[in-house]
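*Asks:* Sharing a structure below in structure tokens format, with a few things to ask.
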Amino acid sequence: MAFDSFDIKSLIRPVIDFPKPGVIFRDITPLFQSPTALRLVMDSFAHRYVEADFTHIGAMDARGFLIGSVLAYQLNKPLVLFRKQGKLPADVLAEGYATEYGEAFLEVHADSLCEGDSVVMFDDLIATGGTLIAAANLIRRMGARVHEAAAIIDLPELGGSQRLQDMGIATFCLTQFALTDR
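Position 37 of the sequence shown, counted from 1, bears residue number 37 in full-length UniProt numbering, the numbering being contiguous throughout.
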């Protein structure tokens with residue numbers, strides 16, 4: 001089935017006023033409940049990166065794990081997990097970032113990457129870019145580079161993709177929503 005003939009947007013559920021009033025949350029769980037849609041999403045990403053020159057898949061906690069693990073398997077690449085603070089058992093590097101509620105920290109095992117490595121980072125969506133920017137900073141601190149940041153959804157009005165591009169990081173998303181799209 002061709003990507004153009006299947007509208008993945010129809011399987012991304014808008015949840016009004018979650019996690020707070022005025023926010024429309026983009027729920028990807030219905031997309032993952034459709035075997036056809038899930039295969040389409042993963043095959044689209046795999047097709048984009050199968051011949052790309054990078055060494056690792058980076059997956060953001062938690063929904064990015066769903067994408068990253070499948071693609072690491074499909075593309076035969078090592079998987080690097082970027083976790084919320086306090087979830088990794090060994091020595092970690094941490095990077096703070098702003099959220100709409102305050103500050104949060106992203107962590108990665110300190111021995112996950114080394115100089116010369118190149119990472120494609122995956123998350124479910126790009127909103128303000130905080131999580132992916134924190135991951136990019138961690139990647140660079142380990143001497144590696146970011147090949148690209150990828151997601152299923154872009155929310156361009158929140159500026160995350162532009163912030164990443166301003167850092168010299170290319171972005172790729174399968175679809176996008178305006179903040180007011182229902």
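Ideal Cβ placement from N, Cα and C applies to all residues, glycine included.
Where do the ends of the alpha helix (DSSP H) carrying Ile139 lie?
*Replies:* Per DSSP, Ile139 belongs to the alpha helix (DSSP H) from 130-141.
*Asks:* Looking at the C-beta of Ala150, does it have a partner C-beta in chain B at a distance below 8 Å?
*Replies:* Absent here is chain B; the protein component of the structure consists of one chain.
*Asks:* Taking only the alpha-carbon atoms, compute the straight-line gap between Arg48 and Ala62 and give it to the nearest angstrom.
*Replies:* Cα to Cα, Arg48 sits roughly 22 Å from Ala62.
*Asks:* Taking the CB atoms as reference points, tell me whether Ile8 and Thr131 lie closer together than 8 Å.
*Replies:* Cβ atoms of Ile8 and Thr131: not closer than 8 Å.
*Asks:* Ser10: buried (16+ other C-beta within 10 angstroms of its C-beta) or exposed?
*Replies:* When all chains shown are included, Ser10 counts as exposed.
*Asks:* Determine the contact status of Ile169 and Asp124, defining contact as a CB-CB distance below 8 Å.
*Replies:* Their beta carbons are not under 8 Å apart, which means Ile169 does not touch Asp124 by this criterion.
*Asks:* Do Phe172 and Ala150 count as a contact pair if the criterion is CB distance below 8 Å?
*Replies:* Taking 8 Å as the Cβ cut-off, Ala150 and Phe172 qualify as a contacting pair.
*Asks:* Three-state secondary structure (DSSP) at Gln85?
*Replies:* Of the three classes helix, strand and coil, the one that applies to Gln85 here is coil, per DSSP.
*Asks:* Looking at Phe82 and Val108, is the spacing between their C-beta atoms short of 8 Å?
*Replies:* Result yes, Cβ atoms of Val108 and Phe82 sit closer than 8 Å.
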